[in-house]
Ligand SMILES: NC(=O)c1ccc[n+]([C@@H]2O[C@H](COP(=O)([O-])OP(=O)(O)OC[C@H]3O[C@@H](n4cnc5c(N)ncnc54)[C@H](OP(=O)(O)O)[C@@H]3O)[C@@H](O)[C@H]2O)c1
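Numbering (the numbering used here), first residue to last: 2 to 280.
Printed below as a string of structure tokens:
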């Protein structure tokens with residue numbers, strides 16, 4: 002069982018910095034057993050954060066999470082998300098209640114607006130605050146928000162925002178220009194989604210070279226590069242048990258100044274503002 006790193010949220014509560022993603026889980030009956038087993042293995046190995054959403058498998062990913070976490074809910078930090086189409090005041094409350102039922106739990110630790118839609122932020126926020134008062138969610142936040150969205154959310158009353166979940170990895174460094182510094186100044190957690198670019202970055206020569214120096218793998222290097230940053234949470238998704246084990250090895254890896262310089266040469270930091278990517 003690994004000692005998991007944690008970050009501190011704006012109100013002082015702790016949040017695990019390493020979690021398991023669940024996008025595309027629950028979409029095929031044939032993969033169901035493997036997906037539950039992978040999540041369970043992660044929990045056995047000490048991973049306490051699970052990221053899911055009402056969108057994933059139209060709710061079936063949340064049911065898989067319920068199956069994998071049965072009997073162990075108390076130790077876990079569960080993140081789920083409301084779809085923007087449901088994010089009216091009433092719709093958010095209903096969506097959360099449906100998620101709670103599918104997750105077979107009485108609370109969600111962090112509840113996010115999945116991306117910005119057409120419902121006024123003030124409505125979503127009023128629902129988040131009510132759900133929080135009722136103890137149905139512990140913290141709330143947003144996803145796929147750039148710096149201007151964050152400022153608008155704060156203006157609408159969202160000062161208690163705990164996290165912003167964004168597409169961020171070595172091949173997607175645009176957020177370093179504005180939104181990450183903006184969040185970091187306010188201790189808002191950054192949850193880096195698709196941290197290994199859904200596997201597409203793993204054949205990159207620079208990653209292979211750094212990995213070889215440490216007897217590590219490309220996925221481990223990509224995850225460690227994220228984990229070393231303040232306020233950063235990573236949520237790689239793995240439905241294969243060998244991937245769960247391999248990715249956790251990122252926690253034992255330390256990158257040197259030379260490694261970081263080599264990675265910077267191949268994966269350039271941004272030189273200006275770019276729009277936030279989304280998968
Ligand atoms: N908020 C949002 O809008 C948003 C958007 C995208 C994702 N997310 C969240 O972030 C999580 C992670 O992102 P993601 O699922 O898009 O991508 P990811 O974690 O970067 O990559 C997942 C893919 O990589 C494979 N993989 C995992 N470990 C590997 C390894 N060591 N070697 C080779 N392949 C490996 C997985 O395969 P197997 O499954 O076969 O093991 C899966 O196909 C999601 O699951 C979801 O919870 C949020």
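Note that beta-carbon positions come from the ideal geometry of N, C-alpha and C, so glycine has one too.
> Quick one: what's got a C-beta closer than 6 Å to residue 57's C-beta in the same chain, skipping five residues either side?
Replying inline: Indexing the chain shown from 1 puts residue 57 at position 56. Excluding positions up to five away in sequence, the list reads 23, 24.
> According to the neighbour-count rule (16 or more other Cβ atoms, all chains shown, within 10 Å of its Cβ), is residue 231 buried or exposed?
Replying inline: Indexing the chain shown from 1 puts residue 231 at position 230. Result: exposed.
> With contact counted as at least three CB pairs below 8 Å, one residue from each stretch, are the region 112-126 and the region 155-164 in contact?
Replying inline: yes
>> Quick check: residue 33 and residue 65, are their CB atoms within less than 8 Å of each other?
In response: Along the chain shown, one-based indexing puts residue 33 at 32. Along the chain shown, one-based indexing puts residue 65 at 64. Taking 8 Å as the Cβ cut-off, residue 33 and residue 65 qualify as a contacting pair.
> For residue 147, does the count of other Cβ atoms within 10 angstroms reach 16, so buried, or fall short, so exposed?
Replying inline: Residue numbering aside, residue 147 sits at position 146 when the chain shown is read from its first letter. With 16 or more Cβ atoms within 10 Å of its Cβ, residue 147 is classed as buried.
> What are the complete alpha helix (DSSP H) segments, minimum 4 residues, inside the region 78-146?
Replying inline: The region 78-146 contains these whole alpha helix (DSSP H) runs: 90-104, 122-134.
>> Under DSSP, the beta strand (DSSP E) around residue 170 begins and ends at which residues?
In response: Counting from one through the chain shown, the residue named residue 170 turns up at place 169. Run containing residue 170: none; DSSP gives neither H nor E here.
> residue 35 and residue 241 look like a contact to me (Cβ under 8 Å); what is the Cβ gap, rounded to whole Å?
Replying inline: If you number the chain shown from 1, residue 35 lands on position 34. If you number the chain shown from 1, residue 241 lands on position 240. Their Cβ separation, rounded to whole angstroms, is 7 Å, which keeps residue 35 and residue 241 in contact under 8 Å.
>> Taking 8 Å as the limit between beta carbons, can you name the residues of its chain near residue 132, skipping five residues before and five after?
In response: What you label residue 132 is simply residue 131 of the chain shown in a count that begins at 1. So the qualifying residues of the chain are 93, 94, 97, 112, 138, 141.
> By Cβ distance, which residues of its chain are closer than 7 Å to residue 110, with the 5 residues on each side in sequence left out?
Replying inline: Residue numbering aside, residue 110 sits at position 109 when the chain shown is read from its first letter. Excluding residues within five positions, the ones whose Cβ falls inside 7 Å are 78, 79, 80, 139, 140.
>> By the three-class DSSP mapping on this structure, what secondary structure does residue 257 have?
In response: For the purposes of this step, residue 257 is taken as residue 256 along the chain shown, with counting starting at 1. Of the three classes helix, strand and coil, the one that applies to residue 257 here is coil, per DSSP.
> When we look at the beta-carbon of residue 103 and count the other beta-carbons within 10 Å, is it buried (16 or more) or exposed?
Replying inline: Counted from its first residue, the chain shown places residue 103 at position 102. Under this definition residue 103 is a buried residue.
> Going by other Cβ atoms of all chains shown within 10 Å of its Cβ, with 16 needed for buried, is residue 2 buried or exposed?
Replying inline: For this step, residue 2 is matched to residue 1 along the chain shown. It is exposed - the Cβ of residue 2 has fewer than 16 other Cβ atoms within 10 Å.
> When the Cα of residue 259 is compared with those of 252, 215, 280, 253, which residue comes out closest?
Replying inline: The sequence position of residue 259 within the chain shown is 258, counting from 1. Of 252, 215, 280, 253, the residue nearest in Cα terms is 215.
> Sorry if obvious, but does the Cβ on residue 24 come closer than 7 Å to a heavy atom of ligand 2?
Replying inline: For ligand 2, the structure offers nothing, since it holds only ligand 1.
> If you compare alpha carbons, which of 247, 270, 84 is closest to residue 176?
Replying inline: For the purposes of this step, residue 176 is taken as residue 175 along the chain shown, with counting starting at 1. Ranking the options by Cα distance to residue 176, first place goes to 270.
> Which residue from 129, 63, 221 puts its Cα closest to that of residue 197?
Replying inline: As a working note, residue 197 is residue 196 in the chain shown. With distances taken between Cα atoms, residue 197 lies closest to 221.
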